[in-house]
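Visitor: Residue numbers for the sequence shown follow my numbering, so the first one is 44 and each next one is one higher. Questions regarding the structure given below will be posed in turn.
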Amino acid sequence: MGDRNLLKQILEASRDVWDRPETRSTVRKNFAKLLDCGTAALGWEMYASDNEEKRCYHRCKSRFCASCGYRATLLWLEYQEAALPAIPYIGIVFTMPRELWSIFKRNRHLLHDLPVLGAEVIQQWINMKYGVTVLIIVVQHTFGGDLKFNTHLHILISAGGLSKSAGRWIPRIELHKNALMRMWRYAVITHVRGALKAQVLKSHLAVEDLKRILTFAYEQHPKWIIFIDKIASKSHFLLYAARYIRRPPLASWRLLEVTDREVVFVAKDTKTKSLVRTRRNFSDLVDSYGQTMRWVRWERPVIG
Numbered sequence: 044m045g046d047r048n049l050l051k052q053i054l055e056a057s058r059d060v061w062d063r064p065e066t067r068s069t070v071r072k073n074f075a076k077l078l079d080c081g082t083a084a085l086g087w088e089m090y091a092s093d094n095e096e097k098r099c100y101h102r103c104k105s106r107f108c109a110s111c112g113y114r115a116t117l118l119w120l121e122y123q124e125a126a127l128p129a130i131p132y133i134g135i136v137f138t139m140p141r142e143l144w145s146i147f148k149r150n151r152h153l154l155h156d157l158p159v160l161g162a163e164v165i166q167q168w169i170n171m172k173y174g175v176t177v178l179i180i181v182v183q184h185t186f187g188g189d190l191k192f193n194t195h196l197h198i199l200i201s202a203g204g205l206s207k208s209a210g211r212w213i214p215r216i217e218l219h220k221n222a223l224m225r226m227w228r229y230a231v232i233t234h235v236r237g238a239l240k241a242q243v244l245k246s247h248l249a250v251e252d253l254k255r256i257l258t259f260a261y262e263q264h265p266k267w268i269i270f271i272d273k274i275a276s277k278s279h280f281l282l283y284a285a286r287y288i289r290r291p292p293l294a295s296w297r298l299l300e301v302t303d304r305e306v307v308f309v310a311k312d313t314k315t316k317s318l319v320r321t322r323r324n325f326s327d328l329v330d331s332y333g334q335t336m337r338w339v340r341w342e343r344p345v346i347g
């Protein structure tokens, strides 16, 4: 059986896990479309000559489909390459302590706000430091190489900015990692504390326990890591972003085997920088796919 059919096999075998009322409608709809892709269920076009007929079945056009997602990726890359100016860029990654991941996983309304928070942190700092406005693109990830929930932001920033007061383009700016980390940490913790105070934060923990976690994350936790690539390639960033925005979270080549209870696939071990054979049950894998279906986000480039 071909690699493209493995994902369909996974979804068929795990239908009782995802095809139920408590699953988000977006997830159920896309999974169902993927299963029907290229079949009579989505309809077809009939082409005929004097002595021959050919039926062409409609495709699902879902980014989670190995065939449809690949074509959409190529079109998306072509458009973005043309839309982004040919100027130098800086790459940056915003992370957060793992103790906060479960909070954002359960509170999607807060997860949705993270790309805007990240962009505002960068723009505010640059405006205070240089008085310029930069081009910022944010791609939010909600999973790591092993598909476990891990929310972080990949950001592309123009290496120069527009000075409105001087009316000209400033070609070079320098980012300071520690200053940005402190602003990012403050923005995230303040956002969560605001939700807690407004009583719109869902958690299995008591309020006092949540407050302790937030205080520790803000005052003592070392894992607010910021990565900066001072010479970022526009093309490299777009290719990397497309893997998460326009394609399934697990590439077809990484799917190895499907049993009656679990999926075997190749995962990335970031510590050893190697590929390892990994097993996940249907419920965990479907949950990972469902998380990425909506919350891997693309913030369009804006200036001002």
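Where is the CB? At the ideal position from N, CA and C, for every residue including glycine. The structure displayed is predicted, hence computed values, not measured ones.
Tell whether a beta-carbon distance below 8 Å holds between residue 52 and residue 301.
Guide: In contact: residue 52 and residue 301 (Cβ atoms closer than 8 Å).
Visitor: One question on the structure: do residue 135 and residue 198 come within less than 8 Å of each other, judged by their Cβ atoms?
Guide: Yes; because the gap between Cβ atoms is below 8 Å, this pair is in contact.
Visitor: Tell me the DSSP bridge mates of residue 321?
Guide: Answer is 308.
Visitor: Rank 86, 193 and 206 by C-alpha distance to the C-alpha of residue 214 and give the top, closest one.
Guide: Comparing Cα-Cα distances from residue 214 to each of 86, 193 and 206, the minimum goes to 206.
Visitor: Does DSSP put residue 170 in a helix, in a strand, or in coil?
Guide: If DSSP states are grouped into helix, strand and coil, residue 170 belongs with the helices.
Visitor: Please classify residue 132 as buried or exposed, where buried requires at least 16 other C-beta atoms within 10 Å of its C-beta.
Guide: Buried.
Visitor: Quick check on this structure: which residue in 232, 107, 117 and 299 has the alpha carbon closest to the alpha carbon of residue 261?
Guide: The shortest Cα separation from residue 261 among 232, 107, 117 and 299 belongs to 232.
Visitor: Quick one, which of 90, 127, 296 and 151 has its alpha-carbon nearest residue 281's?
Guide: Checking every option, the nearest Cα to that of residue 281 belongs to 127.
Visitor: Kindly identify the DSSP beta-bridge partner or partners of residue 264.
Guide: According to DSSP, which records beta bridges pairwise, residue 264 is partnered with nothing at all.
Visitor: Where does residue 217 fall in DSSP's three states?
Guide: Correct three-state label for residue 217: coil.
Visitor: Report the option in 159, 236 and 63 whose CA atom is closest to the CA atom of residue 251.
Guide: For residue 251, the nearest C-alpha among the options comes from 236.
Visitor: With residue 223 and residue 194 assumed to form a contact (beta carbons below 8 Å), what rounded beta-carbon distance in angstroms separates them?
Guide: Not a contact, Cβ separation roughly 18 Å.
Visitor: Below 7 Å CB to CB, which residues in the same chain sit around residue 54 once its five sequence neighbours on both sides are set aside?
Guide: Excluding positions up to five away in sequence, the list reads 74, 77 and 78.
Visitor: How would you label residue 343, buried or exposed, when you count the other beta carbons within 10 angstroms and need 16 or more for buried?
Guide: Legend: pLDDT at residue 343 = 42, less than 50; position of this residue unreliable, no value from coordinates given.
Visitor: Determine the burial state of residue 105: buried for a count of at least 16 other Cβ atoms within 10 Å of its Cβ, exposed for fewer.
Guide: Answer is buried; the Cβ neighbour count reaches 16.
Visitor: Under 8 Å, do residue 98 and residue 89 count as touching if we go by C-beta distance?
Guide: Going by C-beta atoms, residue 98 is nearer than 8 Å to residue 89.
Visitor: What residue range does the alpha helix (DSSP H) around residue 117 cover?
Guide: 109-126 is the extent of the alpha helix (DSSP H) around residue 117.
Visitor: Just reading off the beta strand (DSSP E) that residue 301 is part of, what are its end residues?
Guide: Element bounds for residue 301: 298-301.
Visitor: The alpha helix (DSSP H) that contains residue 152, what's its start and end?
Guide: Residues 151-154.
Visitor: Assuming residue 87 and residue 285 are in contact, meaning their beta carbons sit under 8 Å apart, how far apart are those beta carbons, in whole angstroms?
Guide: Not really, about 29 Å apart at Cβ, beyond 8 Å.
Visitor: What separation, rounded to the nearest whole angstrom, lies between the Cα atoms of residue 67 and residue 121?
Guide: One C-alpha to the other measures close to 32 Å.
Visitor: Classify residue 190 as helix, strand or coil using the three-state DSSP reduction.
Guide: DSSP places residue 190 in coil when its eight states are reduced to three.
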